[in-house]
Every structure is written in structure tokens, then in C-alpha cells.
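Undergrad: I'd like to ask some things about the structure below.
Protein chains: 2
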Amino acid sequence: MRQTATAYAPGSIGNVGPGLDILGLAVSGRGDEATFTMRDERGILIAGAGHPDLPTDPSRHATAIAASAVFARAGYRGGATLRVTKGLPLSGGQGGSAASAIAGAVAANYLLDAGLDDAALLECALEAESAVAGRHADNLAPSLLGGLVLVRSLDPIDVIRLPVPANLRVVLAHPDQQLQTRDARAVLPHDIPRDVVLHQAANVAAMVAGACLGDVALIGRALDDRIAEPARAALLPGFIAAKQAAMAAGALACSISGAGPTAFALVDDEVVGVRVAAAMAAAYAMAGLPTATRVATIDLRGATVR
Amino acid sequence: MRQTATAYAPGSIGNVGPGLDILGLAVSGRGDEATFTMRDERGILIAGAGHPDLPTDPSRHATAIAASAVFARAGYRGGATLRVTKGLPLSGGQGGSAASAIAGAVAANYLLDAGLDDAALLECALEAESAVAGRHADNLAPSLLGGLVLVRSLDPIDVIRLPVPANLRVVLAHPDQQLQTRDARAVLPHDIPRDVVLHQAANVAAMVAGACLGDVALIGRALDDRIAEPARAALLPGFIAAKQAAMAAGALACSISGAGPTAFALVDDEVVGVRVAAAMAAAYAMAGLPTATRVATIDLRGATVR
């Protein structure tokens, strides 16, 4: 047991293209941080929720929920004070709730020297993600492990970290619009025609092959989502134009990050990335949407104790 | 142009586990062979169809259809005599129609020195497979290329040959029962619930990851088909017992090969393969079905000119 512990977890792209709920990619440069300090009373006291819109009720805050699950597994009956620093936007589609949960689980595990392994940490963080965003691990797993991660199964947890081509870069474009995850999930079809199912499965598998074989062109042409993207594009003014602009500017692929509103593009060159970012921002501006963009590398480290 | 040309194409497992219509594996030891000999008259004359139940009408024989497509692409307006030697069972679920088509396309390409590339050969063979079995390339692609092949797309043809772990072996068990491909396809659901879709996609992708990363255990646990196998098991008496017997005897995984009736198991050891084959045969025998089994390596060469 330590007196204090801090952990950082990076943001991530969930639903990478056809990988709805099953494929996620950790992105460098921004993330969430959680610091726990031992206190005498029981339970978690949120001294800093990380954002004015986030709850201070620990039963509703992703970081505290994940940490409580770690406390329970470790048999710890004491308490801790929590301060969260959010580097990721709320409801942005950049894996913010997952990063907050992972940072909480990793920091709590370190605080207590509990020795939980990756699968156990994911289970704890999944309790949080299920409560605040939905029961899926495609943001959690890359936020914990870094890189590109395939979620084969939740019951039991089985995630596979994949190699990532060294020259792969991500462009994130965050237009000034709101889209709640629950609204983005509500438009997903409940039943899917078999031809679409087979196409989607083939393309997720081809993305994995492209990653493993270092074939960025294959990753690009396999990033073809015919389930979530068509359903959600209607909720995201400007997205279709931004995607067209990204492709015209040289992107390998472009789709919605997580449940949106952030859009992402993949590129194989930093300079192309800058050009793609500008093209996407210009397209959103035509739709009346100011847009923050950045070009990022893949985060290969995942969550870290600080 | 040559006076005569012969090509061999191996059998294959289609629909490998969750890879319905998109993942196929070439199997050593048995295949189909096609020999063309130039003749003066136009068109293909079938002098040997390869089996008494196969048509001698060239517009209905897979080998002749594929060869005719090659002739057309090459601009060849002459004729040829065709003799087929079938090493694979009819309607067995061992990729027999695909092997016959691929052997025809490859032999015709060699006969005419037409220089068609793999994609063009697959398009020619796909015309045959579409006519006799259905429009899918999960048997054609491994029969042409060898190994484990993912079919990302048919329009345009985009297939990805994957690495195969060196110790992977295949057990084939062919019970003495009939199942027509069209009947096996008729039981497939038209629409599929989203949770099943995501599980299936995750598991196909995980099989690809397992192959690329050389992780046979991952291949085994990812070989989990919740679409075709449950629907088809009802048409295949003895299969469920044979699968249970295979798993109990040490198989990594077991499922239906193609549209059946052949069942296959994957093992990581030749000796285990022999044990699994015996266990599967015993289970089918309990259901009153004499069963031919064999343990085979993966065919890594694909179709060859002889």
C-alpha cells in the first residue's frame, strides 16, 4: 500500500471502421489522469471530478467506479481521495470515459499494490464503462495496453494486442457538435442482413491482417464500415463532406471515432496528415462547424503509473 | 500456346469456423486435376468429366466453365478436349467444385500461355463456382494460392493469403451422408442479431490474428461459429457428438467443412490428429454413419501446373 498513486491513460478510437465494439486504437498526446490519496474514512471522496459536468458522486464517476472494483478485488475496506485531470473531451468519441476508468483502475491497483493482471483491470474498468457508456471494451483495451487491440470476447475477457505499422498516423477532427453515446447507439440496427454481416466480418479481419502484415494500404481499403457509419452519418452534419475531403487529401481511410462526433482519418505520412487535417476542418467549416484537429501517433505504451 | 496442359488444385475447407464465405484453408493430399488437349473444332469437349454424376455438358461442368472464361479473356476462339480426374468427393464439403474450377482455369491459362494473374484466374473460376455451388471464393482462393486465405471482397476480387503456423494439422471426417450445398445454404438466417454479428466478426478477426501471430491456441478458441454451424448442425446427424469427441480427444477446434457433410478439426500435433480422427469416426459410428477420416497438413503451394 502506498499513500498516493497517479496513473495516466491515453485516449483512443473505438469502433475502428468495421470493428464496431471490437477494435480500438490508442492515440498519443491526450489522456486522462487519476490520483488517489489514502484517507481515513471509507469509500472514495471525489475532490476533483475532472470537469464541471462530471458527477462528484463516486457511484456515477467512471474513475471511482473502476477504482472501487479494484478495492473490492483487493479486499481493501479503507478509503481514498480522488482527483481526476481530464485531457480528453466529454462525449467526444475519443475514449474519454474509458481512459478515466482505466486510469482509475491502474492507479488504484498501484495504490494498493494489488497485483491485478490486465484481464482483471479490464474487468474492473468494464464495470465503469458499462455504467457510463455501454458494455464494450474497444476503448478500454487500447487505453490499457496501447496500440491496436482486438476484443475477441468479453465473457471471458480476451483481448489481442496487434502490431501497428510504424508509419501509421491518426488525424482526429472534433467538430463543435454534440452527440450522446446513447443516441448514437440507438440508431444502430438490431438485425443485419447476412451479406452486410459477411462483408463487415471480412473487412475487420482484413484490417487485422493489414496490421499484422504491415500493409497500410490493406488497412485503408479494409476500413469500410457498412453498419455503424451509415446509420450515424445522418446524425453528424458535415461528416460525409469531411470524409470526402480527407480521402481527396490523401487519407488511407476515414470514419467516425467511437460514437462520434469526432471523425478520424488514417494516413501513412505526417505531412499528408497535416494536409488531411486542414481539409477536414475546411469541410466542417463549410457546414458551419468550427473544428479542432490534430495529427497524432499511435500510443504504444497504454496506461502508465506516474 | 501448347498442345496440352495439366493442372492440379488441392481441396480446401471453406467457411473456416466463423469465416462463413470469407475464410478458407487449403488441405494437402487430395485434389482435382484437369488436362486440356488442343482440338480443331471450337469449344470444349468433355472426354472425361471426372465422375459419373458430373455433367458432360461443358456449360454445366465447373472445369469447363472456368476454362471457357479463360479462353474468352485470352481471345482464343479454338477448342480443346478436357479430361478431369477427381480426387475430391462430390458434395463433400471439401472444396471439390472449387478445385475443379481452379484446375480448369490454371490449365487453360497455361495451355494458351495467356498470362492471367491470380485475380483474373479467380474471376474465371468464380464464374464456374457461381454456376455450380454459389458465388463465394472461400474455397477458390486457397485452392489457387494455398494456405489460409481471407476473402476481403469479391467486387473487386481482393484476397489475402495469411501465414499458417507450421505445426497446424487438419483432421477431416467425411461421414457417409449427403447434404446438398443448396440445402445447407437454405438454412442460413437472412438477418442476424447485432450481438451475434459482432461476436462473429471478432472471432474471424481473431483467427486471422492467431494465424499471423503464430498463436494456435488463439486460432482454436476463435474458431467459434454462431451463424452457420448452429443452423447446419441440425441437418448433420452425428456432428455434435463428433465435435464433442474431437474436443475431448485434444482438438483445438472442430466445425463443419464448407457446407458439410465433412467435419474438420484443427490440431497442433500429428499424433493428436490421429487420436482425434479415431474419436470422430467412433462418434459417427455410434450414429450409424461409416466415416472416412484423414489427418492432413496445410497445402501451401496451391494450384500447380503438371
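Sequence order for the protein chains is H and G. Residue 2 in the working numbering sits at position 16 of the first sequence, and the numbers go up by one each step. Residue 250 in the working numbering sits at position 264 of the second sequence, and the numbers go up by one each step. The beta carbon of each residue, even a glycine, is placed where N, CA and C say it ideally should be. Please read all numbers here as calculations on a predicted model, not as lab measurements.
So if DSSP puts Met266(G) in a beta bridge, which residue, or which two residues, is it bridged to?
TA: For Met266(G), which the question treats as bridged, DSSP gives no partner whatsoever.
Undergrad: Using the Cα positions of Leu286(G) and Gly132(G), report the straight-line distance between them to the nearest angstrom.
TA: Those two C-alpha atoms are separated by around 4 Å.
Undergrad: Which same chain residues end up closer than 6 Å to Ala237(G) when comparing Cβ atoms and leaving out the 5 residues on each side of it in sequence?
TA: These residues qualify, in order along the chain: Ala251, Val253, Val262.
Undergrad: Going by beta carbon distance, what residues of the same chain come within less than 6 Å of Ala91(H), once the five residues before and after it are set aside?
TA: Within the same chain, Ala91(H) has close Cβ partners Ala52, Val56, Leu107, Cys110, Ala111.
Undergrad: Taking just the CA atoms, how far does Ala66(H) sit from Ala(-9)(H)?
TA: Looking at the two C-alpha atoms, the distance is approximately 10 Å.
Undergrad: In chain order, which beta strand (DSSP E) runs of at least 3 residues are fully inside the segment 183 to 262 of chain H?
TA: List check, beta strand (DSSP E) in window: 239 to 242, 249 to 253.
Undergrad: DSSP has Asp43(G) in a bridge; who is on the other side?
TA: DSSP output for Asp43(G) lists no bridge partner at all.
Undergrad: Which residues in chain G have a C-beta closer than 7 Å to the C-beta of Ala195(H)? List them in chain order.
TA: The answer, in chain order, is Leu136, Ile146, Leu148, Val194, Cys198.
Undergrad: Do you know whose CA, among Val260(G), Phe225(G), Ala264(G), lies nearest Thr248(G)'s CA?
TA: Selected option, being the one with the closest Cα: Phe225(G).
Undergrad: Roughly how many whole angstroms lie between the Cα atoms of Leu126(G) and Gln186(G)?
TA: The straight-line gap from Cα to Cα measures roughly 22 Å.
Undergrad: In chain order, what residues of the same chain have a beta carbon less than 6 Å from the beta carbon of Tyr270(H), not counting five sequence neighbours either side?
TA: Only Pro161, Gly224, Ala228, Thr277 meet the Cβ criterion.
Undergrad: Between the segment 271 to 282 of chain H and chain G, which residues of the former have a C-beta closer than 8 Å to a C-beta of the latter?
TA: Answer in chain order: no residues at all.
Undergrad: Which residue or residues does DSSP assign as beta-bridge partners of Asp181(G)?
TA: DSSP lists no partner for Asp181(G).
Undergrad: State yes or no: is the beta carbon of Ser116(G) nearer than 9 Å to at least one beta carbon in chain H?
TA: Not closer than 9 Å to any Cβ of chain H, the Cβ of Ser116(G) fails to qualify, so no.
Undergrad: So what does DSSP say about Arg168(H), is it helix, strand or coil?
TA: The answer is helix: DSSP assigns Arg168(H) an H, G or I state.
Undergrad: Just list the residues that DSSP pairs Ala50(G) with in beta bridges.
TA: Paired residue(s): none; Ala50(G) is not in a bridge.
Undergrad: Output, in chain order, the set of chain H residues within a Cβ distance shorter than 7 Å of Pro179(G).
TA: Here the neighbours are His176, Asp177.
Undergrad: Within the 9 Å Cβ cut-off, does Arg207(H) reach chain G?
TA: It does; some Cβ of chain G falls within 9 Å.
Undergrad: Would a C-beta distance cut-off of 9 Å place Val70(G) and Gly34(G) closer than the cut-off?
TA: Taking 9 Å as the Cβ cut-off, Val70(G) and Gly34(G) qualify as a contacting pair.
Undergrad: Does the beta-carbon distance from Val194(G) to Leu136(G) come in below 9 Å?
TA: A contact, by the Cβ cut-off of 9 Å.
Undergrad: Within 9 Å (strictly less), CB to CB, does Gln186(H) reach chain G?
TA: So, interface residue.
Undergrad: Quick one: what's His160(G) bridged to in DSSP?
TA: For His160(G), which the question treats as bridged, DSSP gives the partners Ala278(G).
Undergrad: Just to confirm my understanding: we take Ile213(G), look at its own chain, exclude 5 residues before and 5 after, and list those with CB closer than 8 Å. What are they?
TA: If we look at Ile213(G) and ignore the five residues flanking it on each side, its Cβ neighbours are Pro4, Leu6, Leu174, Pro175, Ile178, Val182, Gln186.
Undergrad: Going by other Cβ atoms of all chains shown within 10 Å of its Cβ, with 16 needed for buried, is Asp18(H) buried or exposed?
TA: With 16 or more other Cβ atoms within 10 Å, it is buried.
Undergrad: Give me, in chain order, the residues of the same chain whose beta-carbon lies closer than 7 Å to that of Met233(H); leave out the 5 immediate sequence neighbours on both sides.
TA: Counting only Cβ-Cβ distances below 7 Å, and skipping sequence neighbours, we find Cys240.
Undergrad: Less than 9 Å separating the beta-carbons of Gly81(G) and Pro128(G)?
TA: For Gly81(G) and Pro128(G), yes; Cβs fall inside 9 Å.
Undergrad: Just the Cα atoms here: how many angstroms apart are Val190(G) and Asp141(G)?
TA: Approximately 20 Å, taken between the alpha carbons.
Undergrad: Report the rounded CA-to-CA distance for Ser54(H) versus Asp99(H), giving the unit in angstroms.
TA: Whole-angstrom Cα-Cα distance: 14 Å.
Undergrad: Can you list the beta strand (DSSP E) stretches of 3 or more residues lying completely in the segment 110 to 164 of chain G, in chain order?
TA: List check, beta strand (DSSP E) in window: 134 to 140, 143 to 148, 155 to 161.
Undergrad: As a quick exercise: from Ala188(G), Leu275(G), Ile30(G), Ile284(G), pick the residue whose alpha carbon is nearest that of Ala159(G).
TA: When each option's Cα is compared against that of Ala159(G), the closest is Leu275(G).
Undergrad: Should Val257(G) be flagged as near chain H, meaning a C-beta pair shorter than 9 Å?
TA: By this cut-off, Val257(G) is not an interface position.
Undergrad: Using the DSSP secondary-structure output, state which residues sit across from Phe22(G) in a beta bridge.
TA: Answer is Ala(-9)(G), Leu68(G).
Undergrad: Please list the partners that Val173(H) has in chain G, where partner means a Cβ-to-Cβ separation under 9 Å.
TA: Within 9 Å Cβ-Cβ: nothing; Val173(H) doesn't reach chain G, min ~12 Å.
Undergrad: In whole angstroms, give me the CA-to-CA distance for Val291(G) and Arg59(G).
TA: The alpha-carbon atoms of Val291(G) and Arg59(G) are separated by roughly 19 Å.
Undergrad: What residue from Gly101(G), Asp255(G), Val118(G) has the CA that sits closest to Ala87(G)'s CA?
TA: Among Gly101(G), Asp255(G), Val118(G), the Cα nearest to that of Ala87(G) belongs to Val118(G).
Undergrad: Which residues in chain G sit within 7 Å of Asp7(H), going by Cβ to Cβ distance?
TA: Simply Leu184.
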